[in-house]
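Undergrad:
Chains as they are written, first to last, in the numbering used here: chain A, 780 to 893; chain B, 1124 to 1234.
#1: Name the chain A residues whose beta carbon is nearer than 8 Å to that of residue 1148 of chain B?
#2: How far does the beta strand (DSSP E) with residue 1186 of chain B in it extend, from its first residue to its last?
#3: Residues in its own chain within less than 6 Å of residue 1205 of chain B by CB, not counting five upstream and five downstream?
#4: Considering only C-alpha positions, which residue in the set A:842, A:818, A:819, A:854 is nearest to residue 860 of chain A?
#5: Give the single residue among B:1178, B:1148, B:1139 whose Cα lies nearest to the Cα of residue 1158 of chain B.
#6: Going by Cα to Cα distance, which pick from B:1213, B:1196, B:1220 is closest to residue 1147 of chain B?
#7: To the nearest angstrom, report how far apart residue 1202 of chain B and residue 782 of chain A are at their CA atoms.
#8: Please report the distance separating the alpha-carbon of residue 826 of chain A from that of residue 1221 of chain B.
#9: I'd like to know if residue 873 of chain A contacts chain B, where contact means its C-beta is closer than 9 Å to some C-beta of that chain.
#10: For residue 1193 of chain B, which of B:1143, B:1209, B:1229 has the nearest alpha-carbon?
#11: I'd like to confirm the pairing. Which residues does DSSP put opposite residue 785 of chain A in its beta bridges?
#12: On the DSSP letters alone, give me the boundaries of the beta strand (DSSP E) that residue 1146 of chain B sits inside.
#13: Within this structure, are the beta carbons of residue 813 of chain A and residue 866 of chain A separated by less than 9 Å?
#14: Determine the chain A residues that contact residue 1165 of chain B at a beta-carbon separation under 9 Å, and present them in chain order.
#15: Whole-angstrom Cβ separation of residue 856 of chain A and residue 845 of chain A, contact assumed at under 8 Å?
#16: I'd like to know if residue 853 of chain A contacts chain B, where contact means its C-beta is closer than 9 Å to some C-beta of that chain.
#17: Taking Cβ positions only, does residue 1209 of chain B come closer than 9 Å to chain A?
#18: Could you tell me the distance, in whole angstroms, from the CA atom of residue 1235 of chain B to the CA atom of residue 797 of chain A?
#19: Output needed in chain order: residues of the region 800-834 of chain A with a Cβ under 7 Å from some Cβ in chain B.
#20: If we define contact as Cβ-Cβ less than 9 Å, is residue 863 of chain A a contact residue for chain B?
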């Protein structure tokens, strides 16, 4: 079974631009969660989507948004990029229906904002 | 959300057991303890999880104290490839997939 894939793997943007990151979950998984990892704040939860609906949300500004498609693929968008948005963005997938199930993480997209 | 406390870093000799502690004194009865590790800023990798009984799999053992306020991850025979940051996470049984990561323990396995 193929793992979680994220594209692109690396991205360089400038302040004020917007960016879209993509995540393809493991086949059959309907839950996709997004995390931001920075040296200063560590790993922080952004949001979770299940069956095209946002089910959980972390404490991030409205510039961070996401969506999920009917095939469970998910995208996250960051508008009006700031230098502090430079981070490793990780997505994780799971079936979304088993309370004890673990999440499986992708390799991440490393975003650099100049 | 229950919080976890872990030592910032630990060293372990190759071939020896690595014992990584985690304190979760505010854990509630329906919360599981999960362990993940992250190698070289790759995506975190699942290791093991448990509720109140000790657990073992091919990667590690998880020992949870009787009062569930702390746990220890044991890598029985550490190798250089086990050098990573290890995260202890407490997660409600309700099924939320919102993991709250702490700062983790940076384990360095020494040759």
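Each residue gets a CB set at the ideal place from its N, CA and C atoms; glycine is no exception.
TA: Looking at the coordinates:
#1: One-based indexing of the second chain puts residue 1148 of chain B at position 25. Under the 8 Å cutoff, chain A gives no residues; its nearest Cβ is about 20 Å from residue 1148 of chain B.
#2: For the purposes of this step, residue 1186 of chain B is identified with residue 63 of the second chain, where counting begins at 1. Unbroken beta strand (DSSP E) run through residue 1186 of chain B: 1184-1187.
#3: What you label residue 1205 of chain B is simply residue 82 of the second chain in a count that begins at 1. The answer, listed in chain order, is 1198, 1232.
#4: Against the first chain, residue 860 of chain A aligns to sequence position 81. It is A:842 whose Cα lies nearest to the Cα of residue 860 of chain A.
#5: In the second chain, residue 1158 of chain B corresponds to position 35, counting from 1. The option with the nearest alpha carbon to residue 1158 of chain B is B:1178.
#6: The count along the second chain starts at 1 and reaches residue 1147 of chain B at position 24. Comparing Cα positions, the closest option is B:1213.
#7: As a position in the second chain, residue 1202 of chain B is number 79, starting the count at 1. As a position in the first chain, residue 782 of chain A is number 3, starting the count at 1. Taking the straight line from one Cα to the other gives about 25 Å.
#8: In the first chain, the residue the question calls residue 826 of chain A occupies position 47. In the second chain, the residue the question calls residue 1221 of chain B occupies position 98. When rounded, the distance between both Cα atoms is 8 Å.
#9: Reading the first chain from its first residue, position 94 is the one you call residue 873 of chain A. Yes, its Cβ sits closer than 9 Å to a Cβ of chain B.
#10: On the second chain, position 70 is the one that residue 1193 of chain B refers to. Checked all of B:1143, B:1209, B:1229; the closest Cα to residue 1193 of chain B is B:1143.
#11: Here residue 785 of chain A is taken as the residue at index 6 of the first chain, counted from 1. A:802.
#12: Locating residue 1146 of chain B in the second chain gives position 23, counting from the first residue. Segment 1141-1146, the beta strand (DSSP E) holding residue 1146 of chain B.
#13: Position 34 of the first chain, counting from 1, holds the residue named residue 813 of chain A. Position 87 of the first chain, counting from 1, holds the residue named residue 866 of chain A. It is not a contact, given that the beta carbons lie outside the stated cut-off.
#14: Within the second chain, numbered from 1, the residue matching residue 1165 of chain B stands at position 42. Result: 884, 886, 887.
#15: The sequence position of residue 856 of chain A within the first chain is 77, counting from 1. The sequence position of residue 845 of chain A within the first chain is 66, counting from 1. That belief holds up - the Cβ atoms of residue 856 of chain A and residue 845 of chain A are roughly 7 Å apart, short of 8 Å.
#16: Locating residue 853 of chain A in the first chain gives position 74, where the first residue counts as 1. Output row for residue 853 of chain A: interface = no.
#17: The residue you call residue 1209 of chain B lines up with position 86 of the second chain. Residue 1209 of chain B does not count as touching chain A.
#18: The structure shown does not extend to residue 1235 of chain B, since chain B is modelled only from 1124 to 1234, so the question has no answer here.
#19: 810, 812, 821, 822, 824, 827
#20: On the first chain, residue 863 of chain A is found 84 positions in, with the first residue counted as 1. No, no contact with chain B.
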